[in-house]
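**Student:** Have a look at this one before I ask anything.
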Amino acid sequence: AAFEPVKEAVTRLCAAKPSFMSVTYGAAGRANTNTLSIAKHVQDCGVTALAHLTCLTSTRERIQEELAALRGAGIENILALRGDVPVNATEPPPGCYAHASDLVSVIRDVGGFCTGGACYPECHPDCAHLEDDIRNLRHKVEAGVDFLTTQMFFDNNVFFHYLSRLRSAGITVPVIAGIMPVTNGKQIDRICKLSGTYLPPRFRSIVDRFGDNPDQMLDAGIAYATEQIIDLMANGVTAVHIYTMNKPIVAERIMANLGSIVR
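In the numbering used here, each residue's number is its place in the sequence shown (first place is 1) plus 6.
Structure below.
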């Protein structure tokens, strides 16, 4: 999106006083031109910025340049990601890192950053077995990850089971639960296809019933996400990342629904 509308959304989102706000790097490393500018604006608004950084299509030299630019701008938090595989590509371009764990190691060696990583409660789409995925995740954590943020999930039991598996595997870093308020019924099939996310029958019924009516889907999606967050917090989860997709109204209404629960 153009910078100014995103800047306006950031300003409004910051009014909800989140603990942090993540700034994406763009699919396959594209559309990253404004990442640093937006992250700086987030911090100018008094909120900690978490800048995404992907490595699969960025050369090693460019990664060093990006880290220097982030440090120069006072950005201290990075979500280290592999990034999407380019269309028709079977391996990383020459001079690029193949895995997020490689990027994590570089960030650790540079020093001065708090580094997060992504994790997948229903297994990474490119990994055949959850056991293998958790083994890879442990390697990434050992490379220098300070915290993890999950891919979206719509069944909290999936998250609780996954968290138990992580702890049993010796992964003890904080895990932030990723919640996606679905406000557009047409997007959900694509989202689930890309992420491999399971749709519980109860949620599928909501999408089937209200998905064709934008106002109703907005209300239903926010209500469902609010209920998920309340259940997570009631079960001891202390950190939630809301995927707002640049929609301030989503954050505003969820925060209003939560009321004193998060104050």
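Yeah, the Cβ is synthetic: ideal placement off N, Cα and C, and Gly gets one too. Remember, predicted model here, so these are calculated numbers, not experimental data.
(1) Is it buried or exposed, G78, if we count other Cβ atoms within 10 angstroms and call 16 or more buried?
(2) Taking the Cβ atom as the reference point for each residue, do A57 and V29 lie within a distance shorter than 7 Å?
(3) Distance check for Q157 and D108, CA to CA, integer angstroms please.
(4) Buried or exposed for S174, going by 16 or more other Cβ atoms inside 10 Å?
(5) Does the contact criterion of 3 or more C-beta pairs under 8 Å hold for the stretch 248 to 257 versus the stretch 183 to 193?
(6) From C133 to C198, what does the alpha carbon distance come to, in whole angstroms?
(7) Does the stretch 10 to 29 come close enough to the stretch 45 to 54 that 3 or more CB-CB pairs lie under 8 Å?
(8) Quick one: using the 10 Å Cβ neighbour count with 16 as the cut-off for buried, is R215 buried or exposed?
(9) With a 10 Å radius around its C-beta and 16 neighbouring C-beta atoms as the bar for buried, classify R88 as buried or exposed.
(10) When you compare only the Cα positions, how much space is there between I1 and T203?
(11) Between the Cα of V116 and those of H167, P254, L154 and E82, spot the shortest distance and give me the residue it belongs to.
(12) Within 10 angstroms of its Cβ, does N162 collect 16 or more other Cβ (buried), or is it exposed?
(13) Quick one: is F9 buried, meaning 16 or more other Cβ sit within 10 Å of its Cβ, or exposed?
(14) Does the distance from the CB of V48 to the CB of V16 come in under 7 Å?
(15) Whole angstroms are fine: how far does the CA of A149 sit from the CA of A257?
(16) Could you compute how far the alpha carbon of V181 sits from the alpha carbon of L169?
**Tutor:** The short version:
(1) Flag for G78 reads exposed.
(2) Their beta carbons are under 7 Å apart, which means A57 touches V29 by this criterion.
(3) Using only the alpha carbons, I get a separation of about 20 Å.
(4) Exposed.
(5) The way I'd put it, the stretch 248 to 257 does touch the stretch 183 to 193; three or more beta-carbon pairs between them come closer than 8 Å.
(6) Distance between C133 and C198, taken at the CA atoms: about 16 Å.
(7) A contact exists between the stretch 45 to 54 and the stretch 10 to 29.
(8) Exposed, because fewer than 16 other Cβ atoms sit within 10 Å of the Cβ of R215.
(9) So R88 counts as buried.
(10) With the chain running from 7 to 269 in the structure shown, residue 1 is simply not present.
(11) Comparing Cα-Cα distances from V116 to each of H167, P254, L154 and E82, the minimum goes to E82.
(12) For N162, the number of other beta carbons within 10 angstroms of its own is at least 16, and it is reported as buried.
(13) F9 comes out exposed.
(14) It is a contact, given that the beta carbons lie within the stated cut-off.
(15) Straight-line Cα distance between these residues: approximately 33 Å.
(16) One alpha carbon belongs to V181, the other to L169, and they sit about 8 Å apart.
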